[in-house]
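Undergrad:
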Amino acid sequence: MAHGLPASAGPSGSASVTVVRDDSLVSVPLKRSVRLDVLLPPGYPATGKLTPQTGPLPVLYLNDGQDLPRLKLRSIMDSLIQKQEVPPFVIVAIHAGDRIQEYGTATQADYLNRGSKAAAYTDFVLTELLPYVQKHYPVTNDPAQSVFAGFSLGGLSAFDLVWHHPQRFSKAGVFSGSFWWRSKGLDSGYADETDRIMHSLVRAGTYQKSLTFWIQTGTDDETDDRDHDGIIDSIDDTLDIIAELERKGYRWNRDIRYVEVKGGQHNPDTWRRVMPEFLTWAFGVK
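Mapped onto the working numbering, the consecutive letters of the sequence shown carry residue numbers 12 to 297.
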């Protein structure tokens, strides 16, 4: 089934996070094999099998799993668990395929038909990934302990999945999310109020008490400023999605955590800097 990479020992010789490389999952809707890197906490067997001593653990599903090394996620996870800042949890890092087509909003591609396979990706997550992971690894099926996160377009995908499937997930993590995702080009009569797809989906949706959101931007995510207000589009689009959430009944610091990184850029180096804060928000002892 899976191929466990050898676990390393920490500085004191203590057990460390184990990374299991899993190439066994072949997706029907995506028509491709999907590589997973599964990060298991110290003390859990590399096979991921449940034993009488292990129970189902909280889980983070993460888009763009191929960026794991640059994010240094293994060492971050290990440090947080060893310091007891979070309880043991599992990360399922999903390697991307054709991310421009598979990530996006499941109900609507953008104006250039990007995200045309986002519905298939959602189908894969719900009908193949979750049952497979829950069968082979010590992860919970409790939505209250299930988190989905991603970066850029993968962040938009994560938000869309959580927003539309609160019966499966309760928390969304979005790093530099592509909330600009639009149904019209800027030169084709585009208007912020009607043509940003995720904003419209939130507007049309309903308040779900179980959902919470952690959303990050960087002040140097980009340079575009389409409305010439002195604030880059990435931040404008993100603050506007938060405003849409507020109109539904979600509240800052209760349901929404917004992190703006001064000098933060649109890359894994910035996202790595805030990863401990995100994981503590997602899994830390309240």
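Positions of the beta carbon are idealized from the N, C-alpha and C atoms, including for glycine.
Along the chain, where does the alpha helix (DSSP H) that runs through K259 open and close?
TA: Its alpha helix (DSSP H) spans residues D244 to K259.
Undergrad: Measuring only the C-alpha atoms, how far is L51 from T205?
TA: If I take the Cα positions, the gap works out to 43 Å.
Undergrad: For Q276, which residues of its own chain have a beta-carbon under 6 Å away from its beta-carbon, when the five flanking residues on both sides are left out?
TA: G229 and D231.
Undergrad: Apart from the five residues on each side of it in sequence, which residues of its chain come closer than 6 Å, Cβ to Cβ, to D34?
TA: Cβ within range, chain order: R46.
Undergrad: On the three-state DSSP scale, how would you describe E323?
TA: Nothing in the structure corresponds to residue 323, since the chain is present only between 12 and 297.
Undergrad: In chain order, what residues of the same chain lie with their CB nearer than 6 Å to the CB of W263, ignoring the 5 residues before and after it?
TA: Taken in chain order, the list of residues that qualify is empty.
Undergrad: Take A160 as the anchor and find which of S27, D153, I87 and S181 has the nearest alpha-carbon.
TA: Of the candidates S27, D153, I87 and S181, the one whose C-alpha sits nearest the C-alpha of A160 is S181.
Undergrad: Got a sec, what are the start and stop residues for the alpha helix (DSSP H) R207 sits in?
TA: Taken as a continuous stretch (DSSP letters only), R207 belongs to no alpha helix (DSSP H), as it is neither H nor E.
Undergrad: Identify, in the order they occur along the chain, each residue of the same chain with its Cβ nearer than 6 Å to the Cβ of S19, setting aside the five sequence neighbours on each side.
TA: With a pLDDT of 39 at S19, under the threshold of 50, the modelled position of this residue cannot be trusted; read the value that follows with caution. Answer for S19: S27, listed in chain order.
Undergrad: Only counting the same chain, and skipping five residues up and downstream in sequence, which positions put a Cβ closer than 6 Å to that of K195?
TA: Result list for K195: Y122, Y201 and D206, in chain order.
Undergrad: Tell me which residues share the same chain as V213 and place their Cβ nearer than 8 Å to its Cβ, disregarding the 5 neighbours each side in the sequence.
TA: Excluding positions up to five away in sequence, the list reads W174, I252, E255, L256 and K259.
Undergrad: In chain order, what residues of the same chain have a beta carbon less than 6 Å from the beta carbon of K128, not counting five sequence neighbours either side?
TA: So the list reads Q112 and E113, once near-sequence residues are dropped.
Undergrad: Beta-carbon within less than 6 Å of P63's beta-carbon, same chain only, minus the 5 sequence neighbours each way: which residues are those?
TA: Because the pLDDT at P63 is just 46, under 50, the model does not fix this residue reliably, and the value given afterwards should be weighed accordingly. Hits under 6 Å: none found.
Undergrad: Taking only the alpha-carbon atoms, compute the straight-line gap between F294 and V97 and give it to the nearest angstrom.
TA: Using only the alpha carbons, I get a separation of about 6 Å.
Undergrad: What does a CB cutoff of less than 7 Å around G184 pick up in its chain, not counting 5 residues either side in sequence?
TA: If we look at G184 and ignore the five residues flanking it on each side, its Cβ neighbours are V158, A160, A169, W225, F289 and A293.
Undergrad: What residue ranges within the segment 139 to 168 form continuous beta strand (DSSP E) runs of no fewer than 3 residues, ordered along the chain?
TA: As far as the segment 139 to 168 is concerned, its whole beta strand (DSSP E) runs of at least 3 residues are 157 to 162.
Undergrad: Going by beta carbon distance, what residues of the same chain come within less than 6 Å of F186, once the five residues before and after it are set aside?
TA: Cβ neighbours of F186 beyond the five flanking positions: F162, G166, Q227 and W282.
Undergrad: Please check the pair I105 and N74, which I expect to be a contact at CB under 8 Å, by giving their CB distance rounded to whole angstroms.
TA: About 6 Å separates the two Cβ atoms, so the contact holds.
Undergrad: For a test of the three-state rule: what should DSSP assign to V70, helix, strand or coil?
TA: Three-state DSSP puts V70 in a strand.
Undergrad: From the DSSP output, read off the bridge partner residues of A104.
TA: For A104, which the question treats as bridged, DSSP gives the partners D48 and L73.
Undergrad: What is the C-beta distance between P99 and L137, in whole angstroms, given that I count them as a contact (C-beta under 8 Å)?
TA: Their Cβ separation, rounded to whole angstroms, is 25 Å, which puts P99 and L137 out of contact at 8 Å.
Undergrad: Roughly how many angstroms separate the alpha carbons of V39 and F135, rounded to a whole number?
TA: Cα to Cα, V39 sits roughly 8 Å from F135.
Undergrad: Among residues of its own chain, excluding the 5 on either side of P287, which ones have a beta-carbon nearer than 7 Å to its beta-carbon?
TA: I87 and L91.
Undergrad: Going along the chain, which residues of its own chain have a beta-carbon closer than 6 Å to the beta-carbon of R268, five neighbours each way excluded?
TA: Excluding positions up to five away in sequence, the list reads W225 and W292.
Undergrad: Are D236 and W191 closer than 8 Å when you measure CB to CB?
TA: In this structure, W191 does not lie closer than 8 Å to D236 by Cβ.
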